[in-house]
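Numbering-wise (the working numbering), the sequence shown opens with residue 405 and increments by one.
Here a beta-carbon is modelled for each residue, glycine too, at the ideal position from N, C-alpha and C.
These numbers come from a predicted model, not from an experiment.
As structure tokens, the structure follows; a few thoughts come after it.
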Amino acid sequence: MTGFSLSLDPSGEFATSTQVTGNMYAADFAIPTPSKMTTAIGDMETAYNDAAGRVDPKYVNLHSGLLGGKTLAPGLYKYSTGVGFSDHCTFKGSADDKWIIQIAGTLSMA
405 MTGFSLSLDP
415 SGEFATSTQV
425 TGNMYAADFA
435 IPTPSKMTTA
445 IGDMETAYND
455 AAGRVDPKYV
465 NLHSGLLGGK
475 TLAPGLYKYS
485 TGVGFSDHCT
495 FKGSADDKWI
505 IQIAGTLSMA
């Protein structure tokens, strides 16, 4: 990670920074961080492949990709253009719901 002023925790498992809310992890930190990162990266790859392989979207080009100030229900969203957030966007549902947003263009946040 570059651009952050990191302070390694005494445990050596994570770092903190005044520029980041929460903890930061790296593969060369103390055990068990490397194995946890390997698991997290594997889970991320599985989730990406699942999301990328989804078809039959519930929403296509909703709000023309301008999602600032909108509330999104769970479901598969597909955009053939870019998607932008000029304001907050609320994902409303339960802890078990899923939102998958497939974007062919760019993602911009103001």
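Here residue 408 is exposed. Its C-beta has fewer than 16 other C-beta atoms within 10 Å. DSSP, read as helix, strand or coil, puts residue 472 in coil.
Taking every protein chain shown into account, the CB of residue 433 has 16 or more other CB atoms within 10 angstroms, so this residue is buried.
Rounded to the nearest whole angstrom, the C-alpha separation of residue 507 and residue 441 is 26 Å. When secondary structure is reduced to three states using DSSP, residue 439 falls in the helix class. The continuous beta strand (DSSP E) containing residue 513 extends over residues 511-513. Excluding its 5 nearest sequence neighbours in each direction, residue 467 has C-beta neighbours in its own chain below 8 Å: 474, listed in chain order. Of all alpha-carbon atoms in 500, 469 and 430, the one lying nearest the alpha-carbon of residue 489 is that of 469.
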